[in-house]
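Peer 1: Be aware that the sequence shown starts at 1, since it is given in the working numbering, and climbs by one per residue.
Input: one structure, supplied below.
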Amino acid sequence: AFGVEYLELTSPAASPQSRDDCARIARLGLKAKILTHTRCHMDDARLAVDTGVDGIDVLFGTSSFLREFSHGKDIPYIIEHAIEVVEFIKSQGLEVRFSSEDSFRSDLVDLLTIYRAVDKIGVTRVGIADTVGVANPRQVYDLVRTLRGVVRCDIEFHGHNDTGCAIANAYCALEAGATHIDTSVLGIGERNGIPPLGGMIARMYTHNPEQIRNKYNLPLLREVENFVAGLVGVDVPFNNYITGYTAFTHKAGIHAKAILNNPSTYEILDPADFGLTRYLHIAHRLTGWNAVKQRADQLQLNLSDPQVKVVTTRIKAEADLRKLSLDDVDVLLREYHSEAAQIEAFGELIPAG
């Protein structure tokens with residue numbers, strides 16, 4: 001419903017439940033193509049084919065670390081088995097992606113040799129994986145650009161967020177010619193995860209808002225994230241891309257004034273496109289009188305600019321002493337409005353009681 005093109009599922013070889021899940025989801029008739037992720041091994045490939053998925057993503061570790069300490073295979077072995085598995089999956093009429101694992105700690109000549117071999121036999125996509133999050137955006141761009149000049153097939157990028165570069169790396173991969181990017185809801189994945197769906201949407205939106213609005217059901221993003229967060233037992237971060245409760249919250253006085261005049265001054269994303277609204281936080285010492293005036297207008301309290309400035313000073317002073325809520329601000333506004341009305345009516349303040 002949100003509009004993603006592919007859904008990648010756990011390997012059916014992981015457990016009987018995983019196999020059954022793949023088969024059931026593949027039969028749902030979803031618009032998105034259903035893929036499963038497996039080792040580059042014939043037994044896994046046959047099991048995956050039997051589930052009825054639309055495509056199979058296979059991987060093989062290519063770095064010296066993984067070849068020595070994980071599977072113990074050399075490059076000729078990897079190429080031989082990649083060709084065998086890719087040809088089998090293709091013969092079943094399915095999409096197939098071959099990915100090198102730990103690409104950025106692999107030898108470039110080895111990588112290109114493997115990619116050329118599977119591209120020659122018609123693999124649907126080749127994948128580059130920053131498995132440990134070691135790459136930076138420049139390195140990602142350079143490798144994808146180099147690969148784009150070597151293979152004819154599509155290119156997929158998979159990157160981890162161990163060093164905080166996942167979204168930037170993924171976007172640079174797109175700029176360099178990648179056609180597919182791996183994301184997950186809330187970025188959930190091994191260790192620090194991978195590019196979050198919302199974060200990637202935000203990054204692409206800044207480049208072409210109209211295209212992203214037309215391609216994806218953006219107002220559904222919050223529902224999807226809340227649903228997944230509930231399933232896995234975590235909270236959506238307060239500063240989460242787009243849907244975090246502070247994502248469109250403005251606090252500083254100079255920010256609030258500019259936002260009231262033109263939201264684009266401090267917002268690169270339009271909250272309305274995501275079914276959200278902005279919030280001007282005024283219950284604090286940094287508040288500005290323009291935001292306070294807007295709140296007074298919302299409460300239908302007729303206060304002049306000089307009067308709003310006076311009550312803003314009171315709000316700031318009170319916020320220095322204790323934490324305020326919006327209700328506290330409303331009380332201060334109504335009290336001052338009542339005082340001002342008495343002064344206007346009687347020429348002086350009449351004490352209560």
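The beta carbon of each residue, even a glycine, is placed where N, CA and C say it ideally should be.
Here the structure is a predicted model, which means the values were calculated and not measured.
Assign Y279 to one of three DSSP states: helix, strand, or coil.
Peer 2: DSSP places Y279 in strand when its eight states are reduced to three.
Peer 1: Is the separation between the beta-carbon of R285 and that of A319 shorter than 8 angstroms?
Peer 2: Yes.
Peer 1: If we count the other Cβ atoms within 10 Å of its Cβ and call it buried at 16 or more, is G233 buried or exposed?
Peer 2: Per the 10 Å Cβ criterion, exposed.
Peer 1: Mind checking whether K33 and E5 have CB atoms under 8 angstroms apart?
Peer 2: Yes, the Cβ-Cβ distance between K33 and E5 is below 8 angstroms.
Peer 1: Hey, quick one: how far does the beta strand (DSSP E) through R125 stretch, first residue to last?
Peer 2: R125 to D130 is the span of the beta strand (DSSP E), which, as asked, contains R125.
Peer 1: Could you check how far apart the C-beta atoms of N169 and D142 are, in whole angstroms? I think they sit under 8 angstroms.
Peer 2: Incorrect: roughly 12 angstroms between the Cβ atoms, too far for contact.
Peer 1: Look up E156 in the DSSP assignment and say whether it is helix, strand or coil.
Peer 2: If DSSP states are grouped into helix, strand and coil, E156 belongs with the strands.
Peer 1: With a 10 Å radius around its C-beta and 16 neighbouring C-beta atoms as the bar for buried, classify S11 as buried or exposed.
Peer 2: Looking at its Cβ environment, which holds 16 or more other Cβ atoms inside 10 Å, S11 is buried.
Peer 1: Please identify the residue among Y241, L269, L280 and G177 whose C-alpha is closest to the C-alpha of T206.
Peer 2: With distances taken between Cα atoms, T206 lies closest to L269.
Peer 1: Is it the case that the Cβ atoms of A13 and T51 are separated by a distance below 8 angstroms?
Peer 2: In this structure, T51 does not lie closer than 8 angstroms to A13 by Cβ.
Peer 1: Taking only three categories from DSSP, how would you classify S15?
Peer 2: Coil at S15, not helix or strand.
Peer 1: Measuring straight from C-alpha to C-alpha, what distance separates L66 and S106?
Peer 2: L66 and S106: Cα-Cα distance of roughly 9 angstroms.
Peer 1: Which of the three DSSP states, helix, strand or coil, is assigned to Y171?
Peer 2: Here Y171 sits in helix by DSSP.
Peer 1: Hey, quick one: how far does the alpha helix (DSSP H) through H37 stretch, first residue to last?
Peer 2: Run containing H37: none in the alpha helix (DSSP H); it sits in the beta strand (DSSP E), K33 to R39.
Peer 1: If we count the other Cβ atoms within 10 Å of its Cβ and call it buried at 16 or more, is Y115 buried or exposed?
Peer 2: That one is buried.
Peer 1: If you compare alpha carbons, which of F2, A291, V49 and C40 is closest to D20?
Peer 2: The shortest C-alpha separation from D20 is found at V49.
Peer 1: Specify the secondary structure class of T246 as computed by DSSP and reduced to three states.
Peer 2: If DSSP states are grouped into helix, strand and coil, T246 belongs with coil.
Peer 1: Nearest by alpha-carbon distance to D154: which of V86, I83, V123 and E175 is it?
Peer 2: Measuring from the Cα of D154, the nearest candidate turns out to be V123.
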